[in-house]
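Engineer:
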Amino acid sequence: MLSGFPASTGTDPDMQIRAYLVAVEGLPAEAVWRAAKRFISGQVRDHNRAFAPSSASFAEECRHQQAAIEAERRPRLEAEPEVLQPKVPAYKMQLLKAAANGSRNAKRELARMFPDNPIIARAARDAQEATK
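Right, here's the structure in full:
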């Protein structure tokens with residue numbers, strides 16, 4: 001990796017490699033390979049491409065790659081198939097809209113259609129009392 005950065009030719013490669021090895025100790029080889037590849041190809045943001053990365057920067061990118069590898073290997077949840085619901089007839093939707101806008105006739109009609117619904121029944125009773 002060091003030969004890919006021309007401005008780093010003055011540094012001692014053995015010492016630099018030892019520093020990298022200490023920095024990446026315990027990290028998987030695949031993460032180290034991916035990080036090196038990203039640095040060499042210039043894909044690491046905020047890195048001066050003329051110089052080799054510091055051992056700390058390299059280790060940080062290795063940890064990012066390790067996290068990415070772990071995320072890729074996590075099992076994915078499958079989305080449950082959508083259960084199709086029966087469609088509401090258009091005239092019922094019109095009645096609901098009219099009732100929401102205050103139509104007493106619509107409220108009475110809904111009360112007749114859904115006698116077990118206490119909310120609609122109460123609204124219909126209120127509408128009947130208001131007309132008396």
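For reference, each letter of the sequence shown is one residue, going 1 to 132 in the working numbering. Note that beta-carbon positions come from the ideal geometry of N, C-alpha and C, so glycine has one too.
1. If you follow the alpha helix (DSSP H) that Met58 is part of, which residue opens it and which one closes it?
2. Considering just the uninterrupted stretch of the alpha helix (DSSP H) at Gln85, what are its terminal residues?
3. For the 8 Å Cβ check, are there 3 or more pairs between the region 59 to 67 and the region 19 to 35?
4. Sort Ile40, Asn117, Met15, Leu96 by Cα distance to Arg49 and report the nearest one.
5. Go ahead and label Ala59 buried or exposed: buried means 16 or more other beta carbons lie within 10 angstroms of its beta carbon, across all protein chains shown.
Structural biologist: Let me lay it out:
1. As a first step, residue 58 must be located in the sequence shown, where it is residue number 58. The sequence as given places Phe at residue 58; Met does not occur at that position. Counting along the chain, the alpha helix (DSSP H) containing Phe58 begins and ends at 55 to 73.
2. Position 85 of the sequence shown, counting from 1, holds the residue named residue 85. That residue, Gln85, is in no alpha helix (DSSP H); it is neither H nor E in DSSP.
3. In short, these stretches touch, since the Cβ pair count reaches three.
4. As a position in the sequence shown, residue 49 is number 49, starting the count at 1. Relative to the Cα of Arg49, the nearest Cα in the group Ile40, Asn117, Met15, Leu96 belongs to Ile40.
5. Numbered from its first residue, the sequence shown carries residue 59 at position 59. Ala59 is buried by the Cβ-count criterion.
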